[in-house]
Structures are given as structure tokens and as C-alpha cells.
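S.K.: Using the working numbering, you'd call the opening residue of the sequence shown number 262 and step up by one each time.
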Amino acid sequence: MFRRSGMSDTIGTEAIVGGYFNSIVFLGEFLGPVIGGCLIDKYKNIVTATSIFGFGALVVVSRRVQTYRITGLTVG
């Protein structure tokens with residue numbers, strides 16, 4: 262699995278990759294509430310909620326466009 266990227270296929274490599282994956286996941290679980298709390302403290306609740314919804318909608322739309330470009334499908 263790791264040979265395509267030039268890494269050796271050993272238990273040590275799997276442990277490092279698993280550790281990086283878990284650290285990124287838990288970093289997101291920490292930073293999400295911290296940044297969200299700071300946004301709510303600085304701005305009003307409605308502004309923060311609208312901003313988070315807008316960012317989520319942008320991610321969904323861009324992901325959909327990327328999928329259509331990769332697969333060659335047309336919208337409609």
C-alpha cells in the first residue's frame with residue numbers, strides 16, 4: 262500500500278501513518294470548538310451561524326463540481 266509513495270511497507274510505517282491521521286482528527290476536534298467559540302464571542306451568533314453555513318455550502322458545491330469534472334458528467 263505504501264510502496265507507491267516510496268515508503269516501506271512495514272508495521273512502523275503503518276504506525277506513523279495511523280498516528281498522523283489520529284493527530285489530525287483530534288486537532289480538528291480541538292480547533293473546531295475553540296475557533297467557533299471565538300467567532301461567537303467576537304461576532305453575533307447569527308453572523309457566525311450564517312458564515313459556517315455558507316462555508317459548508319461552498320464546500321459541498323465545490324466538491325460536486327469537482328466530481329462532475331472528474332467523471333465527465335453534466336449538470337442537469
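Glycine included, every Cβ here is placed at the ideal spot set by N, Cα and C.
The alpha helix (DSSP H) that contains Asp302, what's its start and end?
M.R.: Per DSSP, Asp302 belongs to the alpha helix (DSSP H) from 272-303.
S.K.: Tell me the rounded alpha-carbon separation between Ile277 and Thr311.
M.R.: 38 Å
S.K.: I need the straight-line Cα distance from Phe316 to Asn283, nearest angstrom please.
M.R.: So the two alpha carbons sit approximately 24 Å from each other.
S.K.: Let me know the secondary structure DSSP gives Ser323 once reduced to three states.
M.R.: helix
S.K.: Quick check: what's the CA-CA separation for Phe287 versus Ile296?
M.R.: Whole-angstrom Cα-Cα distance: 14 Å.
S.K.: So what's Ser312 in DSSP terms, helix, strand or just coil?
M.R.: helix
S.K.: Going by the CB atoms, is the gap between Thr309 and Leu300 shorter than 7 Å?
M.R.: yes
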